[in-house]
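Residue numbers (my numbering): 4 to 329. From the three backbone atoms N, C-alpha and C, an ideal C-beta is built for every residue, glycine too. Working notes, beginning with the structure itself.
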Amino acid sequence: MDGMQRLSDWLAPTQEIILRHGYSLSHIGGSSAREILDHVLFGKPLALRDLDLYLVRRDTVRLRDLRALCDDVHERGLARIGPLRPKRRANPALPGDACYEYLAGYGAHLFTPGQPILSLGVLHHASDLALNGLFDIDAVFLAVDNDQSLSAYADRLARDGLSAGLVIDPHDGYGAWRRKAPAIVHWVEVERCFVRSAYRIVRSLAKVLTLRLPNELRGEYLSRCPASVAVDDVPELHRDFLKVLGDAHWAEELGMLAQLGALNPLWPPLQAEMEQSTPDGLRRAIPSRPGASSSELSCLRARALCKDPAILEAILSVAPLVFGAE
4 MDGMQRLSDW LAPTQEIILR HGYSLSHIGG SSAREILDHV LFGKPLALRD
54 LDLYLVRRDT VRLRDLRALC DDVHERGLAR IGPLRPKRRA NPALPGDACY
104 EYLAGYGAHL FTPGQPILSL GVLHHASDLA LNGLFDIDAV FLAVDNDQSL
154 SAYADRLARD GLSAGLVIDP HDGYGAWRRK APAIVHWVEV ERCFVRSAYR
204 IVRSLAKVLT LRLPNELRGE YLSRCPASVA VDDVPELHRD FLKVLGDAHW
254 AEELGMLAQL GALNPLWPPL QAEMEQSTPD GLRRAIPSRP GASSSELSCL
304 RARALCKDPA ILEAILSVAP LVFGAE
């Protein structure tokens with residue numbers, strides 16, 4: 004069975020529940036949107052680790068709205084539900100420090116064995132979609148009617164292309180993705196979540212094979228460093244770190260993170276070590292195991308790099324939330 008058909012069949016029961024809760028449209032965004040477009044338009048293999056799916060309430064979202072939806076999904080036996088969390092985003096339309104405190108909605112991760120992790124978010128308004136991510140490539144959304152299957156949507160997309168109104172792409176992010184030339188369009192979000200943004204930056208660059216940190220980008224990032232750098236959600240930082248370690252270009256990403264000073268909040272000795280390391284040296288010191296999954300490789304590299312037992316334990320504890328059941 005084609006990968007798109009399998010993905011569509013898995014998502015269909017959840018779409019039915021979403022539709023019953025009054026959401027006629029799902030917005031598939033982030034790297035999920037780009038991977039699906041690459042598959043449909045250019046025939047690239049489809050291998051999603053996550054599926055980022057956003058719903059728009061067109062009214063104020065309450066936590067109970069998401070809880071009711073997730074409860075129905077769980078009661079149908081479709082997924083295990085992770086913690087329900089506020090989705091905070093920087094909103095440059097708000098004055099002063101209020102722009103860093105905007106609550107765009109609520110979200111949760113849904114886990115089904117053998118399937119992508121479903122990252123489900125319910126937002127207040129359609130304008131909140133524009134606050135997603137850092138780069139132009141992050142603001143690409145597939146607008147899928149919940150009364151049709153994802154495979155039917157893909158068939159229309161293959162037939163009618165990007166000009167058919169099926170894709171929301173205000174910054175030509177998909178074009179930037181194909182050109183391997185992403186640009187940050189949401190610097191206020193970088194300022195809001197300064198350390199974790201560095202991890203998102205280097206992973207996005209590595210996905211387009213930019214494996215050396217551009218000087219201009221590094222300078223702009225460092226110029227926006229707040230007076231006090233703090234990480235308000237350490238488990239999320241640990242998840243970001245494991246994602247880096249599971250990537251194909253993990254060694255280059257660590258080097259770029261060191262240039263941004265973003266390993267220091269994780270563990271200062273690691274920052275110092277990476278400042279003196281090279282990607283080739285790291286790969287020689289920590290060889291990959293043939294046939295190992297991303298999860299296994301990530302944890303192997305974490306054990307080799309993190310010598311502090313307490314920090315290592317905390318990092319490894321979030322691995323199931325990053326990779327699901329591979």
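Subject >> Strand pairing of alanine 167, partner residues [DSSP] >> reply: According to DSSP, which records beta bridges pairwise, alanine 167 is partnered with nothing at all.
Subject >> Of the listed residues Leu245, Val193, Pro272, Tyr26, nearest to alanine 93 (C-alpha basis) >> reply: Val193
Original post:
If you run the structure through DSSP and keep just helix, strand and coil, what is lysine 90?
Top reply: strand
Original post:
Do you know how far the Cα of aspartate 55 is from the Cα of aspartate 243?
Top reply: If I take the Cα positions, the gap works out to 16 Å.
Subject >> Distance between arginine 159 and leucine 126 (C-alpha atoms, nearest Å) >> reply: 26 Å
Original post:
Taking the Cβ atom as the reference point for each residue, do glycine 249 and serine 320 lie within a distance shorter than 8 Å?
Top reply: Not closer than 8 Å, so no.
Original post:
Where are the beta strand (DSSP E) runs, 3 residues long or more, that stay fully inside the segment 110–138, in chain order?
Top reply: 120–126
Original post:
Just curious, the alpha helix (DSSP H) that alanine 288 is in, first and last residue?
Top reply: 282–288 is the extent of the alpha helix (DSSP H) around alanine 288.
Subject >> Residues bridged to histidine 42 [DSSP beta-bridge criterion] >> reply: According to DSSP, which records beta bridges pairwise, histidine 42 is partnered with nothing at all.
Original post:
In terms of DSSP beta bridges, what is alanine 146 paired with?
Top reply: Note: alanine 146 is bridge-paired with His30 in the DSSP secondary-structure output.
**OP:** Check whether the Cβ atoms of glycine 85 and histidine 112 sit closer than 8 Å, and answer yes or no.
**Re:** yes
Original post:
Does DSSP put alanine 107 in a helix, a strand or coil?
Top reply: strand
Original post:
Between Val234, Val247, Trp190, which lies nearest to leucine 225 when the distance is taken from Cα to Cα?
Top reply: Trp190
Original post:
By Cβ distance, which residues of its chain are closer than 8 Å to leucine 260, with the 5 residues on each side in sequence left out?
Top reply: Ala201, Tyr202, Val205, Val247, Leu266, Met277
Subject >> Outcome for leucine 269 when other beta-carbon atoms lying within 10 angstroms are tallied against a minimum of 16 >> reply: buried
Original post:
Do you know offhand how far methionine 4's Cα is from alanine 251's?
Top reply: Confidence at methionine 4 is low in this model, with a pLDDT of 47, below 50, so the placement of that residue should be treated as unreliable; the coordinate-derived value is given next. If you draw a straight line from the Cα of methionine 4 to the Cα of alanine 251, it is about 27 Å long.
Original post:
Do alanine 146 and serine 169 come within 8 Å of each other at the CB atom, strictly closer than that value?
Top reply: According to the sequence provided, residue 169 is leucine. The question's serine does not apply to it. In this structure, alanine 146 lies closer than 8 Å to leucine 169 by Cβ.
Original post:
So the beta strand (DSSP E) aspartate 75 belongs to, where does it begin and stop?
Top reply: Boundaries around aspartate 75 are those of the alpha helix (DSSP H), 66–78, since no beta strand (DSSP E) includes it.
Original post:
Between arginine 304 and isoleucine 289, what straight-line distance do the alpha-carbon atoms span, to the nearest angstrom?
Top reply: 7 Å
Original post:
Closest to phenylalanine 114 by CA distance: which of Cys73, Ile318, Ala317 is it?
Top reply: Measuring from the Cα of phenylalanine 114, the nearest candidate turns out to be Cys73.
Original post:
For the segment 18–26 against the segment 130–137, are there 3 or more C-beta pairs whose distance is under 8 Å?
Top reply: Verdict: no, contact absent.
Original post:
Buried or exposed: serine 152, going by 16 or more other Cβ atoms within 10 Å of its Cβ?
Top reply: buried
Original post:
For arginine 221 versus glutamine 279, is the C-beta spacing smaller than 8 Å?
Top reply: no
**OP:** For proline 238, count neighbouring Cβ atoms within 10 angstroms of its own Cβ and tell me buried if that reaches 16, exposed if not.
**Re:** exposed
**OP:** Rank Asn149, Leu44, Pro119, Arg61 by C-alpha distance to the C-alpha of leucine 81 and give the top, closest one.
**Re:** Pro119
Original post:
Between which two residues does the beta strand (DSSP E) carrying aspartate 55 extend?
Top reply: 53–59
Original post:
Would you say the segment 61–69 touches the segment 102–112, given that touching needs at least three Cβ pairs under 8 Å?
Top reply: yes
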